[in-house]
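A quick write-up on the structure given underneath.
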Amino acid sequence: MGRFLAVRAVESLITLLISAAVIFLGVRALPGDPARAMAGEEATPEQLAAIRADLGLDQPLLVQFLAFLRNTVTFDLGTSTRTGQEITQMLAAAIPVTLQLSVYAIIVAIIIGITFGMYAERRRGKPDELLANAGVLLGLSVPNFWLGLLGILILAVMLGIVPASGYVPFFESPVRSIYHLTLPALVLGTGLAAVIARQTRASLIETMGTDYVRTARATGIAPRRVLFRYGLRNSLIVLVTIVGLQLGGLISGAVVTERIFALPGLGRMTLDAVFSRDYPVIQAVVLVVTFSYVLINFLVDVLYSVVNPRIRTGGARA
Amino acid sequence: MTTTATVTEPRTAVRRRSGVLTRLVSTPAGLAGTVLVVLVLVAAAVGPLLAPYSFAETNFSYPYQQLFTQGFWLGTDDLGRDVLSRLLYGLRASLLVGLLAVGLAVAVGTPLGLLAGYWRPADMVISRFVDVTLAFPFLILAVGLAAISGASLSNAAIALGIGFIPNVLRVVRGETMRLKQESFVKAAVATDAPLWRILGRHILPNTLSAIIVQATVILPAAIIGESMLSFLGLGIQPPNPSLGIMLSDAQQYIYRAPSVAVLTGLTIIIMCFAFNLFGDALRDALDPNSSKGH
Chain A
1 MGRFLAVRAV
11 ESLITLLISA
21 AVIFLGVRAL
31 PGDPARAMAG
41 EEATPEQLAA
51 IRADLGLDQP
61 LLVQFLAFLR
71 NTVTFDLGTS
81 TRTGQEITQM
91 LAAAIPVTLQ
101 LSVYAIIVAI
111 IIGITFGMYA
121 ERRRGKPDEL
131 LANAGVLLGL
141 SVPNFWLGLL
151 GILILAVMLG
161 IVPASGYVPF
171 FESPVRSIYH
181 LTLPALVLGT
191 GLAAVIARQT
201 RASLIETMGT
211 DYVRTARATG
221 IAPRRVLFRY
231 GLRNSLIVLV
241 TIVGLQLGGL
251 ISGAVVTERI
261 FALPGLGRMT
271 LDAVFSRDYP
281 VIQAVVLVVT
291 FSYVLINFLV
301 DVLYSVVNPR
311 IRTGGARA
Chain B
1 MTTTATVTEP
11 RTAVRRRSGV
21 LTRLVSTPAG
31 LAGTVLVVLV
41 LVAAAVGPLL
51 APYSFAETNF
61 SYPYQQLFTQ
71 GFWLGTDDLG
81 RDVLSRLLYG
91 LRASLLVGLL
101 AVGLAVAVGT
111 PLGLLAGYWR
121 PADMVISRFV
131 DVTLAFPFLI
141 LAVGLAAISG
151 ASLSNAAIAL
161 GIGFIPNVLR
171 VVRGETMRLK
181 QESFVKAAVA
191 TDAPLWRILG
201 RHILPNTLSA
211 IIVQATVILP
221 AAIIGESMLS
231 FLGLGIQPPN
241 PSLGIMLSDA
251 QQYIYRAPSV
261 AVLTGLTIII
271 MCFAFNLFGD
281 ALRDALDPNS
291 SKGH
C-alpha cells in the first residue's frame with residue numbers, strides 16, 4: 001500500500017507540473033502584448049522594454065516558468081485587471097460558495113443515486129425494470145441547468161417554496177444557508193445521481209451473485225440486511241472512485257448552476273473574468289480547478305487504498 | 001496458417017455485427033432507441049427544409065405567440081421568431097458540435113489507446129496525458145480557448161472533444177490489453193508483422209464495436225455540454241442558432257413565455273435520451289453476455 005501511494009504521489013506531482021506548464025503556455029498564447037497593454041499605445045520602445053524587464057518577460061521561457069511556479073506555490077496570483085482586487089482575496093470569497101454547493105450536491109446525488117440504483121436492482125426481471133432503467137437514462141439526458149430554470153419557475157416563483165437565488169454564508173446562518181442552496185444542489189446533483197444509480201445497480205447485480213452473499217442468504221439473514229450489509233457495502237467502495245472521476249463534470253456543472261442561481265462562487269468569477277478579458281483571474285481560476293482536481297483524486301486514491309486493502313500498484317487504475 | 005487467422009478474424013467480427021441489428025431492434029428499449037435516433041438524425045438532416053421560417057427571421061408584430069398559433073405551431077420568442085424553425089436549426093447545430101466532439105475524441109483516443117494498451121512504456125506516458133486531460137474539465141478548457149481565440153462553435157467542439165478523449169482512450173486501451181493475449185494477435189507477432197499492422201489490421205477492427213458503443217454514450221453528454229457552453233456564451237455565438245442559446249434567451253422572458261424554455265429543454269432531452277437508449281441497447285446487442293440474464 002505504501003508503494004502504491006508513493007507511485008500515485010509521484011504521478012500526481014508530474015500531472016501538476018504538466019498542468020502548470022499547459023496553463024503557462026496557454027497564457028503565453030493569449031492575444032495581445034501585456035507590456036503594451038500596461039504602457040498604453042503611445043509608449044516608446046524603451047518604456048516597453050522597461051516594463052518587459054519589470055515583468056520578467058525578457059527572461060528565457062524556462063526562467064519565466066520557474067517564476068510562475070514560485071508565484072503559484074506561494075499563492076502570489078496577482079491582481080484582477082478589472083477590479084484591481086487581489087486575486088487571492090477573490091478566491092477566498094468564492095471558493096467556500098462553490099465548495100459548499102459541490103459538497104451538498106454530492107451528498108444529494110449519493111442519496112438519490114443509491115436509492116434509485118437499489119430500486120432498479122430489486123426490479124430486475126420484473127416488468128417495471130424497463131421503467132427503472134429508462135429513469136436512469138433520462139437522468140443522464142437532462143441538462144441540469146434546464147432543471148434549474150424550471151425549478152426556479154415552478155418551485156420558487158409559482159409555489160414560493162424555495163428562494164430563487166441568493167447566498168447566505170454557512171457560518172452566518174447554517175439553516176438559511178442550506179435552505180438557499182437546496183435547489184441549486186438538487187440541480188447540480190442530478191447528473192451525478194444518474195451515474196451513481198447506474199453504477200450502484202451494476203455493482204449490486206455483481207455482488208448479489210457472489211458466493212458469500214449466497215452463503216449469507218443461506219444462513220437465514222433477512223434479505224434487507226443482506227442487501228445493506230453485504231451488497232451495498234461493496235458498492236460503496238466503487239462510489240468513492242466515481243465521485244473522484246466525476247469531479248470534472250461537477251465543476252463544469254457548478255459554473256452553470258452558479259450562473260442560474262446568481263451564486264457568488266468560482267463559476268461566476270470565471271465567467272465575469274472571461275467576458276471582461278481579465279486574464280490574471282482566468283489563469284488563477286484554471287490553476288485552482290486543475291490543482292484541486294489532481295489533489296482530490298490523489299486523496300480519493302489514498303482513501304480507496306485505506307478502504308480496500310486489495311489495491312496494489314498494478315491494475316488498480318483502469 | 002497465420003494468414004487464415006488474420007483474414008478470418010475481422011470477417012467474423014463483421015458477421016457478428018450484422019446479426020447485431022436484429023438483436024438491437026428485438027427489445028422494446030432497443031427498438032424505441034433506434035427509432036428515436038433515426039428521427040433525430042432525419043430532423044437534423046432535413047430540418048432546414050422542414051422549417052417554415054429562417055432561424056433569424058423576426059416578426060416584431062407577433063412576439064410571444066402561444067403554442068398552436070396558426071402559422072407558428074410552437075409559438076414565437078421575444079423577437080417574434082418561429083420557435084419550431086429555431087428548434088430545427090438549433091438541433092442541427094447542437095448535433096453537429098456533438099458529432100465533431102465525438103469525432104475528435106475517437107480520432108485522438110483510438111490510436112493513443114491502441115498504443116497504451118499494446119506497449120507498456122507508451123502506457124506510462126499516455127497515462128500522464130490522460131491525467132492532465134482529466135484535470136481540465138471541458139468548461140475550463142472552453143474558458144481557456146474562449147480567452148485565447150474567442151468563443152465559437154469550433155472551440156466548443158474542441159473543448160468537448162478533448163474532454164472526452166480519456167473515455168475513448170480507456171476503452172480502447174482495455175480492449176487492446178485483452179486482445180493482445182488472443183492467439184491471432186500472437187500469431188501475427190510471430191510472423192514479425194510491423195507494429196502498425198498488428199494494431200491497425202488485427203487489433204483495431206476488433207475494438208470497433210466497443211468504440212461505437214462508447215461514441216453513442218459520449219454523444220449525448222457532448223450535446224448537453226454544447227448547450228451548456230452556448231448557454232453561458234462560451235459556444236456558438238448568436239445570431240447562429242443553438243439549443244443552448246435558445247435556453248439562455250428564453251431565461252430572460254421565462255415568466256412571459258415559459259413554453260420556449262420548456263420546448264427547448266425537451267428537445268435536448270429527447271435527443272440525448274434517444275442516443276442514451278440506443279447506446280445502452282447497442283451495448284447489450286453487441287455483447288450478449290453482458291448484464292441481462294447472466
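First to last, the sequence lines map onto chains A and B. With full-length UniProt numbering, letter number 80 in the first sequence gets 80, and the count goes up by one each step, no holes. With full-length UniProt numbering, letter number 66 in the second sequence gets 66, and the count goes up by one each step, no holes. Positions of the beta carbon are idealized from the N, C-alpha and C atoms, including for glycine.
Looking at C-alpha atoms only, which residue of I114(A), N297(A), A94(A) is the closest neighbour of F228(A)?
Taking each of I114(A), N297(A), A94(A) in turn and checking the Cα distance to F228(A), the smallest one comes out for I114(A).
- [ ] Mind the definition here: the stretch 119-131 of chain B touches the stretch 257-265 of chain B only if three or more C-beta pairs lie below 8 Å; say whether that holds.
- [x] A contact is defined here as three or more CB-CB pairs under 8 Å, and the stretch 119-131 of chain B fails this definition with respect to the stretch 257-265 of chain B.
### Message
So within the stretch 64-133 of chain A, which uninterrupted alpha helix (DSSP H) runs reach at least 4 residues, ignoring any that extend past its ends?
### Response
Unbroken alpha helix (DSSP H) runs of no fewer than 4 residues, entirely contained in the stretch 64-133 of chain A, are found at 87-122, following chain order.
Item to check | For D82(B), three-class secondary structure by DSSP | outcome: Strand.
Kindly indicate if chain A contains any beta-carbon less than 8 Å away from that of M246(B).
-> Not closer than 8 Å to any Cβ of chain A, the Cβ of M246(B) fails to qualify, so no.
* Taking the C-alpha atoms as reference points, what is the distance between Q47(A) and I148(B)? -> About 26 Å.
Which listed residue (V168(B), L153(B), S183(B)) has its alpha carbon closest to that of L207(B) = The sequence given here places Thr at residue 207(B); Leu does not occur at that position. The candidate whose alpha carbon is nearest that of T207(B) is V168(B).
What is the DSSP secondary structure of W119(B), reduced to helix, strand or coil?
It is coil, neither helix nor strand.
Out of M177(B), W196(B), H202(B), which has the shortest C-alpha to C-alpha gap to A187(B)?
-> Closest in alpha carbon position to A187(B), among M177(B), W196(B), H202(B), is H202(B).
- By Cβ distance, which residues of its chain are closer than 8 Å to L101(A), with the 5 residues on each side in sequence left out? Only residues of its own chain outside the window of five on either side were considered, and among them L181, P184, A185, L188, A254, T257, E258, L263, G265 have a CB closer than 8 Å to the CB of L101(A), listed in chain order.
query: Within 8 Å (strictly less), CB to CB, does L155(A) reach chain B?
result: L155(A) does not count as touching chain B.
- Item | Distance CB(L95(B))-CB(A44(B)) smaller than 8 Å | Yes, the Cβ-Cβ distance between L95(B) and A44(B) is below 8 Å.
Under 9 Å from the C-beta of Y255(B): neighbouring residues of chain A: Simply L153, V157.
* When you compare only the Cα positions, how much space is there between G191(A) and I111(A)? -> For G191(A) and I111(A), the distance between alpha carbons rounds to 13 Å.
Taking any Cβ of chain B, which residues in the stretch 72-96 of chain A have a Cβ under 9 Å from it, in chain order?
Per Cβ criterion, the list is empty.
Is there a Cβ of chain A sitting closer than 8 Å to that of L282(B), yes or no? Residue contact check for L282(B) against chain A: no CB pair falls below 8 Å.
- Within the same chain, show all residues whose beta-carbon is closer than 7 Å to that of N246(A), passing over the 5 residues directly before and after it, in chain order. A small correction: the amino acid at residue 246(A) is Gln; Asn does not occupy that position in the sequence shown. The answer, listed in chain order, is L192, V195.
> Less than 8 Å separating the beta-carbons of V143(B) and A222(B)?
Replying inline: No.
Original post:
Does the beta carbon of G47(B) come closer than 8 Å to any beta carbon on chain A?
Top reply: No, no contact with chain A.
Chain-ordered chain A contacts of Q251(B) [CB-CB under 8 Å]:
For a Cβ distance threshold of 8 Å, residue set L149, I260 of chain A lies close to Q251(B), ordered along the chain.
Q) Grouping DSSP H, G and I as helix and E and B as strand, with all else coil, what is I254(B)? A) In this structure, I254(B) counts as coil in the three-state DSSP scheme.
| Interface residues of chain B facing V255(A) [CB-CB closer than 8 Å] | What V255(A) touches in chain B: L139, L232.
Query - Enclosing alpha helix (DSSP H) for A185(A) [first to last residue] - result: Counting along the chain, the alpha helix (DSSP H) containing A185(A) begins and ends at 174-208.
- When burial is assigned at 16 or more other CB atoms within 10 Å of the CB, is V14(B) buried or exposed? Interpretation of V14(B) is limited by its pLDDT of 49, a score under 50 that renders its predicted location unreliable; no figure is taken from the coordinates.
query = Could one say the Cβ of I251(A) lies closer than 8 Å to chain B's Cβ atoms, at least one of them?
reply = Yes, its Cβ sits closer than 8 Å to a Cβ of chain B.
Exercise. DSSP state of N234(A), grouped into three classes?
Worked result: Of the three classes helix, strand and coil, the one that applies to N234(A) here is helix, per DSSP.
Checklist entry - Under a Cβ-count criterion, where at least 16 other Cβ atoms within 10 Å of its own Cβ denotes burial, should L21(B) be classed as buried or exposed? => result L21(B) is classed as exposed because its beta carbon has fewer than 16 other beta carbons within 10 Å across all chains shown.
- request: Apply the 10 Å Cβ neighbour rule to A93(B) and answer buried if 16 or more other Cβ atoms are within range, or exposed otherwise.
  value: Buried: at least 16 other Cβ atoms inside 10 Å.
Practice task
Starting from the Cα of Y212(A), find the closest Cα among V294(A), V226(A), T15(A), L287(A) and give me that residue.
Solution key: That would be V226(A), whose Cα lies nearest to the Cα of Y212(A).
Notebook entry, point to check: By the 10 Å Cβ neighbour count, where 16 or more other Cβ atoms means buried, how is G279(B) classified, buried or exposed?
Noted result: With 16 or more other Cβ atoms within 10 Å, it is buried.
- Task: Within the stretch 214-280 of chain B, note down every full alpha helix (DSSP H) run reaching 4 residues or more, in order along the chain.
- Result: Complete alpha helix (DSSP H) runs here, min 4: 243-252.
**Report entry** Length of the line joining the Cα atoms of V302(A) and L282(B)
**Finding:** So the two alpha carbons sit approximately 36 Å from each other.
(Q) On the criterion of 16 or more Cβ atoms from any shown chain inside 10 Å, does S230(B) qualify as buried, or is it exposed? (A) Classification of S230(B): buried, given that the 10 Å Cβ count is 16 or more.
Whole-angstrom distance between A210(B) and M1(B), CA atom to CA atom:
Confidence in M1(B) is poor, its pLDDT being 39 and thus under 50, which makes the residue's placement unreliable; the coordinate value appears in the next sentence. Taking the straight line from one Cα to the other gives about 28 Å.
Quiz item: Going by the beta-carbon positions, is the gap between I18(A) and L287(A) smaller than 8 Å?
Solution: It is not a contact, given that the beta carbons lie outside the stated cut-off.
field: Members of the stretch 16-27 of chain A that neighbour chain B once the beta carbon cut-off is set at 7 Å
entry: Going along the stretch 16-27 of chain A in chain order, one finds I18, S19, V22, G26 with a Cβ nearer than 7 Å to chain B.
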